[in-house]
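To start, the structure itself, in structure tokens.
Protein chains in written order, with the numbering used here: chain Y, 14 to 126; chain A, 712 to 827.
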């Protein structure tokens, strides 16, 4: 399974934008890029996903590089409630082996008031 | 709203006890998963199931078994709990590959198990 690489931690000020990077140089053509986040003492929750084009939803934006070997999750205005661990993963919806989605350690985001 | 419910948030069990962790999803998903999460190790897949009575080993199945008698329910069993199984356990579900919503994994809130 293709793996992703993320920084261990990042820090942001409240109400400023945050750009969380993810490298996935071995991504295959059918892999979707997913982002999840895990708040303290909670299970991970879905944030956003995309294939090739940039995506926006109410939680965040996802910018995908043209060669798809990296992506960036953008939180437009960080709040204290955004402090969490953010996971970037690859999911192939056409591959039954995609059951074994690999979650790495993610990026722990600290938000300062 | 989609929901994955884990029966117990916090459990304390003794070494050697048989432990059942129950998980129920209300989304009619075929696929269900059990992960454990430990500091510095991320999420590790224990078992997954793609249909009733079907199961596949994940990356760390040793010491665990699972049961999927009904589509909505996936149970994780620790046959003889040991202290190194103290961890947070996460249940998840998703639709099958090839479906639009099969992309998304839905997690429960987690079960914190302490084995003493």
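We put the CB at the ideal spot given by N, CA and C, even for glycine. Values in this document were obtained by computation on a predicted structure and should not be read as measured data.
query, result
"Contacts around residue 733 of chain A, its chain only, beta-carbon distance under 6 Å, and the 5 residues preceding and following it disregarded", "718 and 786"
"Residue 125 of chain Y beta carbon less than 8 Å from that of residue 28 of chain Y", "no"
"Meets three-Cβ-pair contact criterion under 8 Å: the region 92-100 of chain Y and the region 50-69 of chain Y", "yes"
"Rounded straight-line distance, which links the Cα of residue 714 of chain A to that of residue 797 of chain A", "25 Å"
"Three-state class that DSSP yields for residue 794 of chain A in the structure shown", "helix"
"Residues of its chain near residue 772 of chain A, where Cβ-Cβ distance is below 7 Å and the 5 sequence neighbours each way are ignored", "757 and 758"
"Completely contained beta strand (DSSP E) runs for the region 19-54 of chain Y, where each covers 3 or more residues", "22-26, 31-36 and 45-51"
"Beta-bridge partners of residue 756 of chain A, as assigned by DSSP", "A:746"
"Distance, residue 35 of chain Y Cα to residue 122 of chain Y Cα", "14 Å"
"The beta strand (DSSP E) enclosing residue 766 of chain A, as first and last residue numbers", "765-768"
"Contact set for residue 776 of chain A: own chain, Cβ-Cβ below 6 Å, skip 5 residues either direction", "788"
"Cβ shell of residue 23 of chain Y (< 8 Å), same chain only, five flanking positions each side left out", "31, 33, 120, 121, 122 and 123"
"With 16 other Cβ atoms within 10 Å as the buried cut-off, status of residue 88 of chain Y", "buried"
"Chain-order list of residues whose beta-carbon lies under 6 Å from that of residue 25 of chain Y (same chain, five-residue window excluded)", "31, 91 and 124"
"One or two residues paired with residue 722 of chain A in a DSSP bridge", "A:824"
"Cβ-based contacts, 9 Å cut-off: residues of the region 732-756 of chain A near chain Y", "742, 744, 746, 748, 751, 752, 753, 754, 755 and 756"
"Exposure of residue 749 of chain A, with buried meaning 16 or more beta-carbon neighbours within 10 Å", "exposed"
"Backbone CA spacing between residue 85 of chain Y and residue 806 of chain A [nearest angstrom]", "26 Å"
"Residues near residue 93 of chain Y by beta carbon distance below 7 Å, same chain, minus five either side", "27, 124 and 126"
"Expected contact under 8 Å - CB spacing of residue 720 of chain A and residue 822 of chain A to nearest Å", "6 Å"
"Minimum Cβ-Cβ distance from residue 801 of chain A to chain Y less than 8 Å", "yes"
"Rounded Cβ spacing between residue 63 of chain Y and residue 75 of chain Y (contact assumed at less than 8 Å)", "5 Å"
"Separation of residue 827 of chain A from residue 83 of chain Y, as counted between CA atoms", "43 Å"
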